[in-house]
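Heads up, the thing below is written out as structure tokens.
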Amino acid sequence: LAKTTQPISMDSYEGQEVNITCSHNNIATNDYITWYQQFPSQGPRFIIQGYKTKVTNEVASLFIPADRKSSTLSLPRVSLSDTAVYYCLVGASPGAGSYQLTFGKGTKLSVIP
Amino acid sequence: NAGVMQNPRHLVRRRGQEARLRCSPMKGHSHVYWYRQLPEEGLKFMVYLQKENIIDESGMPKERFSAEFPKEGPSILRIQQVVRGDSAAYFCASSFGRSSYEQYFGPGTRLTVT
């Protein structure tokens, strides 16, 4: 499993766009990049997954450069309810049967009014 | 469609007692995973089960811990003779197939050993 590095914490004001970058220098060719969100006292929630370039859904966007050694989760116009810990995970492709999610300490995002 | 359900949400046990944690996967999901989260740490994989089978228990301590997912009923994580170091949040997740990275998590059971 590729090792990931992300900032321990970030602060942002409401209404701003937040970008959280994750480094994964030894990502394998078949690895996908997945982000989870965890609110206090709750289980993690899948946000988004991608392999290259850009993926967007109703919650966030994921930007992956050509070398795939990093990725950036972008949250548009955050609100107080986006205060959570965000985890970057790197591992086997969907359907490959790899199921052991490995969570680091994540990035604790605090949204300030 | 109800999500993953876990109970109890909070469990207090004295040292030496047994703890039983229950998990009901999402409807239609037959794959269950248990994770443990220590304070200020990320989640760590413990065990992966399908109905009536333990597929991978490589993350589970060798002693005192066991898990099952019977044909009928919820998955159970059982901790015998609990110690203070077992205090943690235990999360269950489920998936439809042998998922790679899209798993649906329950709210967790917070175990406190006194």
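Protein chains in written order, with the working numbering: chain U, 48 to 160; chain H, 658 to 771. Heads up, the beta-carbon is just placed ideally off N, CA and C, and yes, glycines get one too. In this text, all values refer to a predicted model and were calculated from it rather than measured experimentally.
Practice item. Indicate whether U/GLN84 and U/CYS135 have their beta-carbon atoms separated by less than 8 Å. Key: No, they are not a contact pair.
Practice item. Check whether the Cβ atoms of U/ARG170 and U/GLU64 lie closer than 8 Å to each other. Key: Past the edges of chain U, shown from 48 to 160, lies residue 170 of chain U, and the structure says nothing about it.
Review point. With respect to the beta strand (DSSP E) encompassing H/PHE748, which residues constitute its N-terminal and C-terminal limits?
Key: Segment 745-752, the beta strand (DSSP E) holding H/PHE748.
Practice item. Decide if the stretch 59-79 of chain U is in contact with the stretch 720-734 of chain H; the criterion is three or more beta carbon pairs, one per stretch, under 8 Å apart. Key: Counting Cβ pairs under 8 Å, fewer than three are found: no touch.
Review point. Under a three-way DSSP split, which group does U/GLY178 fall into?
Key: Only positions 48 to 160 of chain U appear in this structure, which leaves residue 178 of chain U out of reach.
Exercise for review: Closer than 8 Å by C-beta to H/GLN760: which residues in its own chain qualify, once you throw out the five before and the five after it? Chain order, please.
Suggested key: Closer than 8 Å at the Cβ level, and outside the excluded window around H/GLN760, lie TYR690, ALA750, SER751, SER752.
Practice item. Consult DSSP for U/LEU127 and reduce its assignment to one of helix, strand or coil. Key: In the three-state DSSP reduction, U/LEU127 falls in the helix class (H, G or I).
Practice item. Run down chain U in chain order and give the residues with a C-beta less than 7 Å from the C-beta of H/GLY699. Key: Taking a Cβ-Cβ threshold of 7 Å, the residues of chain U close to H/GLY699 are TYR134, PHE150, GLY151, LYS152, GLY153, in chain order.
Review point. Taking 8 Å as the CB-CB limit, is U/PHE93 close to chain H?
Key: Judged by the 8 Å Cβ criterion, U/PHE93 is in contact with chain H.
Point to revise | Inter-residue spacing [alpha-carbon to alpha-carbon] between H/THR769 and H/VAL669 | key: Going from the Cα of H/THR769 to the Cα of H/VAL669 covers about 5 Å.
Review point. Name the chain H residues whose beta carbon is nearer than 9 Å to that of U/GLN147?
Key: Within chain H, the residues near U/GLN147 are TYR690, PHE702, TYR705, ASP713, SER715, GLY716.
Exercise for review: Could you tell me whether the stretch 659-677 of chain H touches the stretch 695-709 of chain H, where touching means 3 or more Cβ pairs closer than 8 Å?
Suggested key: Two segments are said to touch when three or more pairs of C-beta atoms, one from each, lie closer than 8 Å; by this definition the stretch 659-677 of chain H does not touch the stretch 695-709 of chain H.
Check your understanding: Can you tell which of H/VAL661, H/ASP743, H/GLU729 has the C-alpha that lies nearest to the C-alpha of H/GLU709?
Key -> Comparing alpha-carbon positions, the option among H/VAL661, H/ASP743, H/GLU729 lying closest to H/GLU709 turns out to be H/GLU729.
Check your understanding: Would you say H/PRO731 faces chain U, with C-beta separation under 8 Å as the test?
Key -> No, because no Cβ of chain U sits closer than 8 Å to the Cβ of H/PRO731.
Check your understanding: Looking at chain H, which residues of the stretch 70-97 of chain U have a Cβ within less than 8 Å of any of its Cβ atoms?
Key -> Under the 8 Å Cβ criterion, the stretch 70-97 of chain U contributes TYR79, THR81, SER88, GLN89, GLY90, PRO91, ARG92, PHE93, GLN96.
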